[in-house]
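**Student:** Quick one: the structure is below, and I'll ask about it shortly.
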Amino acid sequence: MANLNKVLLIGNLTKDPELRYTPQGSAICDFRIAINRQYMTSDGQKKEEVSFIDINVWGRQAETCNRFIKKGSQVFVEGRLKLDSWQDKETGKNRSRLFVVAERIQFLNTPGARPAGDQNDAQEQEPYQQNQQRQSSPARPPQSSSPQQAQQSKQQQNPPPAPEDIFEVDSEPADDIPF
C-alpha cells in the first residue's frame with residue numbers, strides 16, 4: 003500500500019518569522035501559525051479550539067517568507083509532517099517535536115508586506131479594483147447621445163424573439179410502440 007504525507011493548512015502567524023542559515027548557506031525560515039476551529043457541542047454551546055503549528059520553510063522560499071509575511075499574516079501552507087527526536091542534554095529525557103516542512107506557501111493577506119517605494123502598487127491595484135467594480139455592479143449600457151444610438155442600444159438589450167417553429171407534443175400514449 004502506498005504512503006501519503008501531505009498537509010494543507012490555513013492560519014495566521016503568531017509572531018514574525020525567523021530566518022537563519024545552515025553552515026552550507028541554505029536559508030531556513032521558521033514560524034508558527036494559529037488555526038481556529040469553531041464547533042457546537044452536543045448541548046448547543048459554541049466552542050472554539052486553537053491549534054498552534056510550527057512551520058519550517060527552506061531555500062529561496064524561506065527568504066521570501068521572511069521578507070513578505072509578519073505576525074498576523076494569513077498563509078496557506080502545503081507541506082509534509084516531520085518528527086524530530088532528540089535526548090535532552092539537561093534531563094536526559096527523550097524529546098520529540100512534530101512540525102510541518104512547507105513545500106509551498108501562499109500569502110493570503112499580508113498587510114504592509116510590499117517593500118516601501120514600490121511604485122507599481124497603485125498601477126497594479128487600479129485595474130483590479132475597476133474590474134471588481136464592473137463585476138459586482140449590474141451591467142449598464144453606455145449613455146447615448148443621439149436618438150438613433152438609443153434605439154440601437156434598446157434593440158441590443160431586448161431578448162431575441164421566441165422561435166415560431168415550435169410544435170406541440172402529443173401527450174397521449176401511442177399504441178404503436180413495439181414494447
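Count along the sequence shown from 1, add 2, and you get the number used in this note's numbering. Yeah, the Cβ is synthetic: ideal placement off N, Cα and C, and Gly gets one too.
(1) If the criterion is Cβ atoms closer than 8 Å, does the pair residue 51 and residue 39 meet it?
(2) Would you call the stretch 13-23 in contact with the stretch 91-102, where contact means no fewer than 3 C-beta pairs closer than 8 Å?
(3) If we call anything under 8 Å between Cβ atoms a contact, is residue 12 one with residue 76?
(4) Looking at the structure shown, is residue 40 part of a helix, part of a strand, or coil, going by DSSP?
(5) At a cut-off of 7 Å, is residue 92 close to the ligand HEM when judged by its beta-carbon and the heavy atoms of the ligand?
(6) Label residue 15 either buried or exposed according to how many other C-beta atoms from any shown protein chain fall within 10 Å of its C-beta, with 16 as the threshold for buried.
(7) If I follow the unbroken beta strand (DSSP E) through residue 14, where does it start and stop?
(8) Under 8 Å by Cβ, that's how I've got residue 7 and residue 97 pegged, so tell me the actual separation to the nearest angstrom.
(9) Under 8 Å between the Cβ atoms of residue 29 and residue 4?
**Tutor:** Checking against the coordinates, here is how it stands:
(1) yes
(2) Short answer: they don't touch.
(3) yes
(4) Correct three-state label for residue 40: strand.
(5) By its list of ligands, the structure shown contains no ligand whatsoever, and the ligand HEM lies outside what it can speak to.
(6) buried
(7) 9-15
(8) Actually they do not touch by this definition, with Cβ atoms about 21 Å apart.
(9) no
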